[in-house]
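In terms of the working numbering, the sequence shown is residues 91 to 300.
Where a beta carbon is used, it is the ideal one built from N, C-alpha and C, also for glycine.
Since the model is a prediction, treat every value here as computed from it, not as a measurement.
Only one structure is covered here, and it is reproduced in the block below.
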Amino acid sequence: MIATHNNSQLLAVHTTTTEHQQQQQQQTSVPMIRNVSNELEAIRCGSHRTVADGVAFPMACRSMLYNLPGNSYCADCGAARPEWASVSYGILLCVRCSGRHRSFGVQISRVRSIDMDAWSHSQIMAMLEGGNEQLTSFFDRHGMSGMMDRRYQTKAALFYRSNLQKHVETVANAGEYKGREAARRRYHQQSKEKIHQTVACSKAKTATVQ
């Protein structure tokens, strides 16, 4: 899930699980993360381009995508086995809802087919770092769960898609992809370091004044 922090960044808020469940998830996800990382690096390096402007959605990345919470169903209507996507929000959609998103215009929602379209490195990353449950939770927290189409036209939606893009750029620039949890742990650590630096500077200024 995503929450706002200082109106500028995305923070990961983890759902409650037992320590044993977390260990199981980490153990079972290691091979998948390794395969996903290899596929993303190959795309970044351009070593297996299938078309001029992108690649088919890679197999391991696809498996990880459909394993994300909520991604077995359309983000908008709940239809099973969605095969379309809004890259702008990192969500999966059914064919009917994908048509509605196309009508919003690409400045609001950029739609692609998981099976039929070519994908860039950043677009795949947006899907892996997004997720249906993540966006649904964001809309719920902002009281927009029943607004349907209108919620995508709001300032909150603009905030979400612009900050998802910034988050994806940060993760991509960090080097080898190590999964969603690694990216979020790194962000939390950086946030703690910034807070400590701010507190230290504040104490130093106070001591100087005294």
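Exposure of residue 193 is indicated by the presence of fewer than 16 other C-beta atoms within 10 angstroms of its C-beta. A contact between stretches requires three or more CB pairs, one per stretch, nearer than 8 Å, and the segment 201-208 fails this requirement with the segment 226-242.
A Cβ-Cβ distance of about 5 Å is found for the pair residue 161 and residue 222, placing them in contact under the 8 Å criterion. Here residue 159 is exposed. Its C-beta has fewer than 16 other C-beta atoms within 10 Å.
The beta-bridge partner set that DSSP reports for residue 201 consists of 176. Rounded to the nearest whole angstrom, the C-alpha separation of residue 189 and residue 259 is 28 Å.
For residue 186, the number of other beta carbons within 10 angstroms of its own is below 16, and it is reported as exposed. The C-alpha of residue 220 is placed about 6 Å away from the C-alpha of residue 181. The DSSP assignment places 211-219 and 222-231 as complete runs of the alpha helix (DSSP H) inside the segment 209-234, in order along the chain (cut-off: 4 residues). Nearest C-alpha to residue 151 among 132, 164, 234 and 247: 132. In the structure shown, the three-state DSSP call for residue 144 is strand. The three-state secondary structure of residue 165, taken from DSSP, is coil. Check the Cα spacing between residue 163 and each of 129, 136, 226 and 145: the tightest is with 226. The three-state reading of DSSP puts residue 264 in coil, since its state is none of H, G, I, E or B. Per the DSSP secondary-structure output, residue 181 pairs in a beta bridge with 176.
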